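Peer 1: In the numbering used here, the protein residues as written are 86 to 299. Yeah, the Cβ is synthetic: ideal placement off N, Cα and C, and Gly gets one too. These figures come from a predicted structure and were not determined experimentally. Take a look at this one; I'll ask things after.
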Ligand code: E4P
């Protein structure tokens with residue numbers, strides 16, 4: 086499974102990229118606004134750090150505007166994936182951008198039927214938002230289960246990018262189901278690595294090594 090960082094914070098991207106486990110980065114208008122940066126400048130900075138898919142979301146909602154922004158983003162670098170909302174207009178923009186060889190990540194997916202429509206329009210990635218489904222007292226992971234089953238039946242090339250991840254179990258369960266990518270906030274990288282028995286075991290080894298060196 087590929088691990089993406091879901092952030093526009095440069096320091097976080099540098100930190101986890103140094104661990105050697107960051108395969109790509111996703112951003113959205115909220116993350117860009119939270120970082121308080123210019124979108125183009127920040128995406129170009131991220132491209133310098135991570136050699137993998139970097140998602141940049143369009144701000145327009147009409148077909149023409151999304152295609153125009155998508156062409157601009159696509160010209161920045163071949164690793165830029167244009168993030169489009171899953172609307173009828175987004176679908177049309179996806180089809181046009183894909184026909185020009187520009188890569189697309191369809192975002193804000195909440196049903197398997199939406200994901201299939203995006204795959205049929207040629208999207209490279211589909212992003213189901215499982216945490217936001219959980220927030221509605223529904224089961225986000227069952228969306229991934231349905232999607233992976235449909236993907237197996239029909240062999241779509243489109244990769245399933247699990248988004249809106251809230252905890253490490255979301256990542257592990259997505260892997261058990263065979264999803265392709267998980268995009269997660271920086272703190273999830275820490276949580277995936279942390280185990281109290283590792284800390285306790287290491288403290289004991291350090292203590293004992295001092296005895297043998299004495
Ligand atoms: C994915 O590409 C989105 O940026 C993100 O995962 C949304 O997550 P949230 O529901 O925590 O905002």
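For residue 223 and residue 103, I'd like the C-alpha separation in whole angstroms.
Peer 2: C-alpha separation (whole angstroms): 36 Å.
Peer 1: Under 8 Å Cβ to Cβ from residue 153, same chain only, skipping five residues before and after it: list those, please.
Peer 2: Around residue 153: 145.
Peer 1: For the beta strand (DSSP E) holding residue 111, just list the boundary residues, first then last.
Peer 2: Residues 109-111.
Peer 1: Using the C-alpha atoms, what's the distance from residue 120 back to residue 195?
Peer 2: Cα-Cα distance, rounded: 26 Å.
Peer 1: If we call anything under 9 Å between Cβ atoms a contact, is residue 91 one with residue 111?
Peer 2: Yes, these two residues count as a Cβ contact at 9 Å.
Peer 1: Could you pull the DSSP bridge partners for residue 169 from this structure?
Peer 2: DSSP, once it has assigned bridges, lists 191 as partnering residue 169.
Peer 1: With a threshold of 8 Å, are at least 3 pairs of Cβ atoms found where one atom belongs to the region 284-292 and the other to the region 257-265?
Peer 2: The region 284-292, when compared against the region 257-265, does not touch it at the 8 Å Cβ threshold.
Peer 1: Could you check whether residue 214 and residue 249 sit closer than 9 Å to each other, using their CB atoms as the reference points?
Peer 2: Yes.
Peer 1: Check whether the region 181-201 touches the region 146-166, taking contact to mean three or more Cβ pairs, one atom from each stretch, closer than 8 Å.
Peer 2: Enough Cβ pairs lie closer than 8 Å, so yes.
Peer 1: Is it right to say residue 53 is buried, meaning 16 or more other beta carbons lie within 10 angstroms of its own, or is it exposed?
Peer 2: Nothing about residue 53 can be read from this structure; the chain reaches only from 86 to 299.
Peer 1: Near residue 129, which residues of its chain fall below 7 Å by C-beta distance, leaving aside the five closest residues on each side in sequence?
Peer 2: Around residue 129: 161.
Peer 1: Which class does residue 253 belong to by DSSP, given the choice of helix, strand or coil?
Peer 2: Three-state DSSP puts residue 253 in a helix.
Peer 1: Might you give, ordered along the chain, the residues of its own chain that have their beta carbon closer than 7 Å to the beta carbon of residue 141, omitting 5 neighbours on each side?
Peer 2: Excluding residues within five positions, the ones whose Cβ falls inside 7 Å are 112, 124, 128, 158, 165, 167 and 168.
Peer 1: List the residues that DSSP assigns as beta-bridge partners of residue 266.
Peer 2: DSSP output for residue 266 lists 87 and 246 as bridge partner(s).
Peer 1: Is the beta carbon of residue 117 sitting closer than 9 Å to the one on residue 95?
Peer 2: Not a contact, by the Cβ cut-off of 9 Å.
Peer 1: I'd like to confirm something about residue 87: is its beta-carbon nearer than 8 Å to some heavy atom of the ligand E4P, or not?
Peer 2: Checking the Cβ of residue 87 against the ligand E4P gives no.
Peer 1: In terms of DSSP beta bridges, what is residue 142 paired with?
Peer 2: Beta-bridge pairing links residue 142 to 168.
Peer 1: Give, in chain order, every unbroken run of the beta strand (DSSP E) that is at least 3 residues long and sits entirely within the region 200-244.
Peer 2: With a minimum length of 3 residues, the continuous beta strand (DSSP E) runs that stay inside the region 200-244 are 210-213.
Peer 1: Grab me the residues of residue 235's own chain with a C-beta within less than 7 Å of its C-beta, minus the 5 sequence neighbours each way, in chain order.
Peer 2: So the qualifying residues of the chain are 197 and 201.
Peer 1: Relative to the ligand E4P, is the shortest distance from any of its heavy atoms to the C-beta of residue 212 smaller than 8 Å?
Peer 2: The answer is yes for residue 212.
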